[in-house]
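*Asks:*
In UniProt numbering, the protein residues as written are 1 to 361.
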């Protein structure tokens, strides 16, 4: 990896607070497999986290994957990955393979696009390769990308939801938003839609017109006359609709495009939900181990964190009925998440905690 690109990667990692840096979260585990090639470097008596950190910070070569021998506790760094398409992983009883997981630096919003005005188009690449190109892009500040799975096309952009004209529903294309450290990091972007109006209920407690998307997030966080848990942002007149309700309180979002308004919905991520990677409109349906009804997403996250009968690693949340589906599986365990289209089922995967003793009770 050249010096400039290494600096870009280091700055990316430094954008996270020190307590949040878990290097192994930047890699995707493929159990009982290993690379067929000789390693560029071997480390001994190394944990997975130490190995991941060494790979991420390697400067003498472009470290793209590593193998960990769980018996010998050795770590083998490679400048190749499975995505080279010229290599096939070998079955190995005691070894796990880890490839880069730059996707983790982005929030995925299925079936949406951000813009038709892209800075760069890359053909025949995977999502991971697209994410990697965005992170290491040197000619402009890449803030995200649109990705079409069927054609394997990647469109890089220097725009974000706060600097564009809104997200557009688009089947078969996913939008990946670069994670930020501003006020929007405290909210989950659910894309196009707004809170459902209920007869006899005042859904919005405050409306402010003529503000930016970032300012809207600031206002929601700073609100003290009520507990602001979500907001809808209308691009046409830059209006911010703040609410004490979330989608689960009103039986889901209104996603009809009959009036063609450009509006998006954000919900606050509390301390329980911040322990999970969210993927809206996706699920691991069919792999659920416990069902809990009539709870909020936050309560579902807490149930997963406090589960004692099995190791809860993720959950699906069905908005319309407030159903919480706990699972021992993640998307990588079942060959990927199942897209739910416009169906309001969302997936949350637990983040690694680097052995921290976190008491959520």
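The beta carbon of each residue, even a glycine, is placed where N, CA and C say it ideally should be. Quick caveat, the model's predicted, so the values are computed rather than measured.
Determine which residues share a DSSP beta bridge with residue 177 and list them.
*Replies:* According to DSSP, which records beta bridges pairwise, residue 177 is partnered with 107 and 144.
*Asks:* Nearest to residue 80 by CA position, among 61, 121, 45 and 223, is which residue?
*Replies:* Comparing Cα positions, the closest option is 61.
*Asks:* Enumerate, from N- to C-terminal direction, the unbroken beta strand (DSSP E) stretches of 3 or more residues contained entirely within the UniProt domain "Apple" (269 to 352).
*Replies:* Listed in chain order, the complete beta strand (DSSP E) runs (minimum 3 residues) inside the UniProt domain "Apple" (269 to 352) are 276 to 279, 290 to 292, 314 to 318, 323 to 327 and 345 to 350.
*Asks:* Classify residue 53 as helix, strand or coil using the three-state DSSP reduction.
*Replies:* Residue 53 falls in the helix class under three-state DSSP.
*Asks:* Pop quiz: residue 325 and residue 247 are said to be a contact at Cβ under 8 Å. What is the actual Cβ separation, rounded to whole angstroms?
*Replies:* 17 Å between Cβ atoms; not a contact.
*Asks:* With distances taken Cα to Cα, identify the nearest neighbour of residue 93 among 56, 110, 52 and 35.
*Replies:* Residue 35 is the option with its Cα nearest to residue 93.
*Asks:* Starting from residue 77, trace the beta strand (DSSP E) in both directions and tell me its first and last residue.
*Replies:* Element bounds for residue 77: 74 to 78.
*Asks:* Can you list, in chain order, the stretches of the beta strand (DSSP E) that have 3 or more residues and sit fully within the region 231 to 259?
*Replies:* Listed in chain order, they are 239 to 243.
*Asks:* Cβ of residue 175 within 9 Å of Cβ of residue 114?
*Replies:* In this structure, residue 114 lies closer than 9 Å to residue 175 by Cβ.
*Asks:* For residue 245, which residues of its own chain have a beta-carbon under 8 Å away from its beta-carbon, when the five flanking residues on both sides are left out?
*Replies:* Cβ within range, chain order: 195, 203, 229 and 230.
*Asks:* Quick check on the DSSP output: the beta strand (DSSP E) that includes residue 154 runs from which residue to which?
*Replies:* Taken as a continuous stretch (DSSP letters only), the beta strand (DSSP E) holding residue 154 covers 153 to 157.
*Asks:* Compute the Euclidean distance between the alpha carbons of residue 179 and residue 162, then round it to the nearest angstrom.
*Replies:* Using only the alpha carbons, I get a separation of about 13 Å.
*Asks:* For residue 23, tell me which candidate among 251, 172 and 57 has the shortest Cα-Cα distance.
*Replies:* If we check each option's Cα against that of residue 23, 57 comes out closest.
*Asks:* Going by the DSSP bridge assignment, what does residue 27 pair with across the sheet?
*Replies:* Partner(s): 100.
*Asks:* Tell me where the alpha helix (DSSP H) around residue 64 begins and ends.
*Replies:* Looking at the DSSP string, residue 64 is not in any alpha helix (DSSP H), and its letter there is neither H nor E.
*Asks:* Would you mind working out which of 29, 294 and 280 sits nearest residue 253, comparing C-alpha positions?
*Replies:* The shortest Cα separation from residue 253 among 29, 294 and 280 belongs to 280.
*Asks:* Return the CA-CA distance between residue 291 and residue 318, expressed in angstroms with no decimal places.
*Replies:* Each residue's Cα considered, the two are about 11 Å apart.
*Asks:* Can you pull the DSSP bridge partners for residue 169?
*Replies:* Residue 169 pairs with 112.
*Asks:* Please state whether the Cβ-Cβ distance between residue 219 and residue 209 is less than 9 Å.
*Replies:* No, the pair does not count as a contact, with Cβ atoms beyond the cut-off.
*Asks:* Buried or exposed: which applies to residue 168, given that a residue is buried once 16 or more other Cβ atoms fall within 10 Å of its Cβ?
*Replies:* Residue 168 is buried by the Cβ-count criterion.
*Asks:* Please report the Cβ distance between residue 147 and residue 130, rounded to the nearest whole angstrom; I am assuming they are in contact, meaning their Cβ atoms lie under 8 Å.
*Replies:* Right, the Cβ-Cβ distance comes to about 6 Å (below 8 Å), so this counts as a contact.
*Asks:* For residue 133, which of helix, strand or coil comes out of DSSP?
*Replies:* Note: residue 133 maps to helix in three-state DSSP.
*Asks:* With a CB to CB cut of under 8 Å and the five nearest residues on each side skipped, what residues in its chain are close to residue 160?
*Replies:* Only 114, 143, 144, 177, 178 and 180 meet the Cβ criterion.
*Asks:* To the nearest angstrom, how far is the alpha carbon of residue 77 from that of residue 26?
*Replies:* The alpha-carbon atoms of residue 77 and residue 26 are separated by roughly 15 Å.
*Asks:* Could you name the residues of the same chain whose beta carbon sits closer than 7 Å to that of residue 314, not counting the 5 residues immediately before and after it, in chain order?
*Replies:* The answer, listed in chain order, is 284, 327, 329, 330, 347, 348, 349 and 350.
*Asks:* Quick one: residues in its chain with C-beta nearer than 6 Å to the C-beta of residue 343, no 5 flanking neighbours on either side, listed in chain order?
*Replies:* Cβ neighbours of residue 343 beyond the five flanking positions: none.
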